[in-house]
Amino acid sequence: MAAQTEVLAGFDHAHRPARVSMRGWLIRGLALLPVLALVFVLPAQSDDWTNDAIYAAIFAMVGLSMNVLVGYTGQISLGQQAFLGIGALTAANVVNTGTNAPDPFTFAIGIVAGVLVSAGAAAVLGAIALRIRGLYLALVTLVFGSVTADAIFTISSLNGQDAGVPAYRPTSLQGNFAFYVFALAMVAICIYVDVWIRRSKVGRGLIALRDNELVASAFGINVLGYKLLGFVVSGAMAGLAGGVYAFWSQEFSDKNFTSSAGFSLALIFVVMAVVGGLGSRAGVIAAASFFALIDPLFTGFAHHTGWLNWYTDHKAYIQNLVGAVLLLQTVIFNPGGLGQVLRPFTRWFSGKPFSLHDAGDAAGAALGGGDSVRA
Amino acid sequence: MHVVADTFSPQLHLVTPLISGLADGAAYGLFGLGLVLLYKSNRIFNFAQGEFATVAAIVAFLFDRGVGWVPKVPYFIAITFGVLAAVLVAMATERLVIRPLFHRPRVVLVVATVGVALFLVGVEGLLPYPQTASLRTISDALGVRSYLTQVDGVVVLDQDVAKLIVLAVLAVLAFLFFRYTHTGTAILAVSQDATAARVVGISVERVSMATWAIAGFLGGVAGVLLAVPPSGSVTPGAFTGLTLVVAFSAAVLGGMTSLPGAFVGGILIGLINAFANADHSFVPGLNSLPTSQAEVAVALVLLLVLLVRPRGLLGREA
């Protein structure tokens, strides 16, 4: 339900073909430098910062997986942390080499296995969810998340009991910065898949479904197949994030995914996807990084202002409050989220015409329309 | 009392789970009532319902104990204040969050209630009060013994009986409210077609406010009844994390559109939960089940209901 009225696409100011000169690309390249500095130079400053940056990369992957599911298929998910956990559990168990570093091949197998098992779990959930209409899907994913967490992650032969399953990195990725570059490469894969989905026939089909299922199926779009594909791709991305998570924390511990820890992860994922602006890659990645870095940022701030003790005692609550305020202001005042704010910039960078008052086509549409998400 | 028996014992395998199931079921039902009310009227799932309860429990606790500058008042006045606070929070939610989003898709409203829940948890967590404490029980406040009777060595608590009675009374009252009062009918009319309701002279805004006030009242009553020992507390987010998901399952089982259904669904889910969690060691091969069997059982029930009979046991079309 994009509030845009397109009468004649050919005369639409925002969509006329543009040509960017060599100098224009050069300027764009220079303007990109601060962004690159933020991604590559800043995390290299200290080991702790690199560590935090890897966490942000993991969140960015989860954000993209939410983007595919919620942004493109219009299905809400409150159980995304389960796929993260399944990916982490599988990767850690497949690679399980005790205290020795695995060889790169085993490591790769572990990551891929995490992706596949997660995608399989998503296919199962998707097959069930497709039969359930409207808002009830939110409940099913919520219950799926908490039940997987409590049923699978607590199996003692899989979670390594209290010690957790060790997940040591291969020697070439031992250092935090090397691992960070690896995580960024994984994010790049997710971005590529997201772009491919958005641009291909599949993506157009999904968005048509999201906006009006009946009309889309009348045009010959395979409703079940496309929705299932959306679920599987989203689950696979979250599984990839889970694999990276396992090797980031160098262990799988069920405590990170069960009960209240899992539940608050699920809520953070929804909050960051909405605040980022569903359907917008740049917005979702930015919001995901923000929520991943909220703790180190606030800790640093509290440290300098002398509130450190108070902050440490109330950490979870302060983060809740920040997330809630951002979420509420997004849904009430700024439905396009961060993506809508960033949109002129991303369009300028990619050499497309832009308008500072452009409502955007995809931004906000995910939460603005779609019969499939209406009760 | 947790004796491992390899033969069937009625006390261990029937009476204990029956009583704890009824008590838990009453809790799920109390939350379910509020969830059903808002689903019936606004067609949304209210994820903030658990925090309405927590707000009531905290305010009641502050007044009952006299924490900080809050004056100490008699128990029953304190719990009235608690319920009032929940009503006020619910009305504020309606005015500030729900009404601006009234014409947006329902999923946006659901996400917004998640935001309200997070917000309330955050605010509660920053208040300086003993967060792991719990409210006094009614019998404690009245100074009578805390249990009604003992069956087979299993204690029936006063508070649990009170929960069941309050739940039943509220379910019947709410049912009558929707069936026989003008306001109740108006709420249903708005839920079916807001524009048409406005045309026949119903104030959509006032009806929406009334609905949320009632939902806050139901949540508040649940809060002051449930935040008591042995298992309840006034911890921020406790109801949202532990009770709300199961309460949703209960409401779906009963039929999201049926208020007596919330009662029936709550009790049934409570019993399923309790019997799934009970000691199964007298059945060979079942004693090695993982500890989370109750959650799995509840999830399976929810899935089964949604796949086979989406309108639930007592609901109209879902």
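Protein chains in written order, with the working numbering: chain A, 1 to 375; chain B, 1001 to 1318.
Glycine included, C-beta positions come from ideal geometry on N, C-alpha and C.
Proximity of residue i and residue j at Cβ, strictly below 8 angstroms
i: Ala1299/B; j: Trp1212/B; result: no
i: Phe269/A; j: Val62/A; result: yes
i: Lys1040/B; j: Ser1208/B; result: no
i: Tyr1028/B; j: Ala1247/B; result: yes
i: Ala1250/B; j: Leu1037/B; result: no
i: Ala1297/B; j: Ala1278/B; result: no
i: Ala1262/B; j: Leu1033/B; result: yes
i: Val232/A; j: Gly145/A; result: no
i: Ala238/A; j: Gly71/A; result: no
i: Ile197/A; j: Ala208/A; result: no
i: Leu1167/B; j: Leu1030/B; result: yes
i: Leu328/A; j: Phe1081/B; result: no
i: Ala377/A; j: Ser289/A; result: Because chain A here runs from 1 to 375, residue 377/A falls outside it and cannot be looked at.
i: Tyr245/A; j: Leu26/A; result: no
i: Tyr180/A; j: Leu1306/B; result: no
i: Val1055/B; j: Ala1085/B; result: yes
i: Ser1231/B; j: Gly1312/B; result: no
i: Phe68/A; j: Gly230/A; result: Rather than Phe, the amino acid found at residue 68/A in this sequence is Val. It is a contact, given that the beta carbons lie within the stated cut-off.
i: Asp1188/B; j: Phe1178/B; result: Reading off the sequence, residue 1188/B comes out as Leu, not Asp. Cβ atoms of Leu1188/B and Phe1178/B: closer than 8 angstroms.
Residue i: first and last residue of the uninterrupted alpha helix (DSSP H) it sits in
i: Gln319/A; result: 308 to 333
i: Tyr192/A; result: 176 to 199
i: Leu1030/B; result: 1016 to 1042
i: Gly1223/B; result: 1204 to 1226
i: Asn1277/B; result: 1259 to 1277
i: Ser350/A; result: Per DSSP, Ser350/A belongs to no alpha helix (DSSP H) and is neither H nor E.
i: His304/A; result: 281 to 305
i: Leu1139/B; result: Note that residue 1139/B is Ser in the sequence shown here, rather than Leu. It spans 1138 to 1142 - the alpha helix (DSSP H) in which Ser1139/B sits, taken as one unbroken run.
i: Ser146/A; result: 136 to 151
i: Pro104/A; result: 104 to 129
i: Pro1349/B; result: Outside the shown range of chain B, which is 1001 to 1318, sits residue 1349/B, and nothing can be said about it.
i: Thr1319/B; result: Since the first and last residues shown for chain B are 1001 and 1318, residue 1319/B lies out of range.
i: Trp248/A; result: 223 to 249
i: Met1256/B; result: That residue, Met1256/B, is in no alpha helix (DSSP H); it is neither H nor E in DSSP.
Alpha carbon of residue i to alpha carbon of residue j, nearest angstrom
i: Ile58/A; j: Glu1094/B; result: 36 angstroms
i: Ala188/A; j: Gly277/A; result: 19 angstroms
i: Trp310/A; j: Ser118/A; result: 39 angstroms
i: Cys190/A; j: Val39/A; result: 17 angstroms
i: Gly337/A; j: Asp194/A; result: 18 angstroms
i: Leu1304/B; j: Gly235/A; result: 23 angstroms
i: Val1204/B; j: Arg210/A; result: 29 angstroms
i: Ala31/A; j: Gly134/A; result: 43 angstroms
i: Phe377/A; j: Ala1048/B; result: For residue 377/A there is no data in the structure shown, the boundaries of chain A being 1 and 375.
i: Ala362/A; j: Ser217/A; result: Because Ala362/A sits at a pLDDT of 44, beneath the cut-off of 50, its placement in the model cannot be relied upon, and the point is left open.
i: Phe153/A; j: Arg347/A; result: 43 angstroms
i: Gly1265/B; j: His303/A; result: 50 angstroms
i: Leu1225/B; j: Phe1061/B; result: 12 angstroms
i: Leu240/A; j: Ala91/A; result: 9 angstroms
i: Val373/A; j: Pro1105/B; result: Here Val373/A scores only 35 on pLDDT, less than 50, and its place in the model should not be relied on; the value that follows carries that caveat. Their Cα atoms are separated by approximately 8 angstroms.
i: Phe182/A; j: Ser157/A; result: 29 angstroms
i: Phe349/A; j: Leu173/A; result: 32 angstroms
i: Ala201/A; j: Glu213/A; result: It should be noted that the sequence gives Lys, not Ala, for residue 201/A. C-alpha separation (whole angstroms): 16 angstroms.
i: Gly1025/B; j: Leu1271/B; result: 7 angstroms
i: Thr171/A; j: Thr97/A; result: 13 angstroms
i: Pro1128/B; j: Asp103/A; result: 52 angstroms
i: Val1087/B; j: Leu267/A; result: 25 angstroms
i: Ala376/A; j: Leu1218/B; result: With chain A running from 1 to 375 in the structure shown, residue 376/A is simply not present.
Where the beta strand (DSSP E) containing residue i begins and where it ends
i: Val215/A; result: Here Val215/A belongs to no beta strand (DSSP E); instead the alpha helix (DSSP H) covers 213 to 218.
i: Tyr1147/B; result: 1147 to 1151
i: Leu1157/B; result: 1154 to 1157
Any C-beta of chain C under 8 angstroms from that of residue i
i: Phe1248/B; result: In the structure shown, chain C cannot be found, because the protein chains are A and B.
Contact test: residue i Cβ vs the ligand ZN heavy atom, cutoff 7 angstroms
i: Pro353/A; result: Ligands are entirely absent from the displayed structure, and the ligand ZN is therefore not among its contents.
Just by C-beta distance, which residues in the region 112 to 136 of chain A are closer than 9 angstroms to chain B? Ile128, Arg131, Ile132, Arg133, Gly134, Leu135, Tyr136
Output, in sequence order along the chain, the residues in the region 1201 to 1234 of chain B whose CB is closer than 8 angstroms to any CB in chain A. none
Tell me which residues of the region 297 to 328 of chain A have at least one Cβ-Cβ distance to chain B shorter than 9 angstroms, keeping chain order. His314, Ala316, Tyr317, Ile318, Gln319, Asn320, Leu321, Val322, Gly323, Ala324, Val325, Leu326, Leu327, Leu328
Quick one: which residues of the region 145 to 158 of chain A get their C-beta closer than 8 angstroms to a C-beta of chain B? List them in chain order. Ser146, Val147, Asp150, Ala151, Thr154, Ile155
By the 7 angstroms beta-carbon criterion, what residues does the region 52 to 78 of chain A contribute toward chain B? Ile76
Under 8 angstroms, CB to CB, which of the residues in the region 329 to 353 of chain A have a partner in chain B? Val331, Ile332, Pro335
How do the region 98 to 115 of chain A and the region 271 to 291 of chain A stand: do at least 3 beta-carbon pairs fall below 8 angstroms, yes or no? no
At least three beta-carbon pairs within less than 8 angstroms, the region 161 to 172 of chain A to the region 251 to 261 of chain A: yes
By the 8 angstroms beta-carbon criterion, what residues does the region 239 to 269 of chain A contribute toward chain B? Ser259, Ser260, Phe263, Leu267
Pairs of beta-carbons, one from the region 1236 to 1245 of chain B and one from the region 1042 to 1056 of chain B, closer than 8 angstroms: are there three or more? yes
Listed from N- to C-terminal order along the chain, which residues in the region 1109 to 1134 of chain B have their beta-carbon within a distance smaller than 9 angstroms of any beta-carbon of chain A? Leu1109, Val1110, Val1111, Ala1112, Val1114, Gly1115, Val1116, Ala1117, Leu1118, Phe1119, Leu1120, Val1121, Gly1122, Val1123, Glu1124, Gly1125, Leu1126
Spell out a yes or no on whether the region 292 to 299 of chain A and the region 1141 to 1157 of chain B are touching, meaning 3 or more CB-CB pairs, one atom from each, closer than 8 angstroms. no
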